[in-house]
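Trainee: Okay, handing you the structure first.
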């Protein structure tokens, strides 16, 4: 009986802190744009990525660190994975990597209609990052090599007049 009680407590303690990742899904870019792209005084760091993109995966920890350490910004991780991969790939990936920044899934595959709304020169390659604050924006279609490079990039945007 004591062994059963101990196993029960161990099971409870082991699984009590596990929760499924909360991911907001946007099937259409227009819905994403209305909900996310806002001209206010918040500094948004919006990273476009996917679980199948090796450079994206490499830089994801830098965005998570930015989310944890730079309280001047709101980090949004916008996955371009397929909606059919949400439960079997995306959610397990977010949980395995212990991502705490907000994750969104933009499953609108009609890229030609919305890429230019993010940036007129975006080829569609990822990783890509959009910085927004009010009417000010800066777009980068590249991989950040380390946290310092990303943080410096974001802080230089914040300090622009």
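In mature numbering (1 follows the signal peptide of the UniProt record, and there is no 0), the protein residues as written are -21 to -1, 1 to 140. Positions of the beta carbon are idealized from the N, C-alpha and C atoms, including for glycine. A quick note: this is a predicted structure, and the numbers were derived from the prediction, not measured.
#1: Smallest Cα separation from residue 119: which of 47, 138, 26, 61?
#2: Between which two residues does the alpha helix (DSSP H) holding residue 126 run?
#3: Between 127, 96, 110, which lies nearest to residue 41 when the distance is taken from Cα to Cα?
#4: Output needed for residue 29: all residues of its chain with C-beta closer than 8 Å, excluding positions within five of it in sequence on either side, in chain order.
#5: Tell me, which residues are paired with residue 26 by DSSP?
#6: What is the DSSP secondary structure of residue 61, counted as helix, strand or coil?
#7: Let's see if you can read the secondary structure: which residues bound the alpha helix (DSSP H) around residue 92?
#8: Going by Cα to Cα distance, which pick from 1, 117, 132, 137 is closest to residue 56?
#9: Residue 2 bridges to which residues according to DSSP?
#10: Between the C-alpha atoms of residue 77 and residue 96, what's the straight-line distance to the nearest angstrom?
#11: Using a Cβ-Cβ cutoff of less than 8 Å, which residues in the same chain neighbour residue 49 once the five nearest sequence positions on both sides are dropped?
#12: Would residue 27 pass as an interface residue toward chain D - the criterion being a Cβ-Cβ separation below 8 Å?
#13: Do residue 52 and residue 24 have their beta-carbon atoms positioned less than 8 Å apart in this structure?
Mentor: Taking the coordinates as given:
#1: For the set 47, 138, 26, 61, the Cα lying nearest the Cα of residue 119 is the one of 26.
#2: Residues 126 to 137.
#3: Of the candidates 127, 96, 110, the one whose C-alpha sits nearest the C-alpha of residue 41 is 127.
#4: Counting only Cβ-Cβ distances below 8 Å, and skipping sequence neighbours, we find 35, 58, 59, 60, 105.
#5: Beta-bridge annotation (DSSP): residue 26 is paired with 56, 108.
#6: In the structure shown, residue 61 sits in coil (DSSP, three-state: anything other than H, G, I, E or B).
#7: DSSP places residue 92 in the uninterrupted alpha helix (DSSP H) bounded by 90 to 97.
#8: Nearest option by C-alpha distance: 1.
#9: Note: residue 2 is bridge-paired with 82 in the DSSP secondary-structure output.
#10: Between residue 77 and residue 96, the C-alpha separation is close to 31 Å.
#11: Only 130, 133, 134 meet the Cβ criterion.
#12: Of the protein chains in the structure, only one exists, and it is not chain D.
#13: Yes; because the gap between Cβ atoms is below 8 Å, this pair is in contact.
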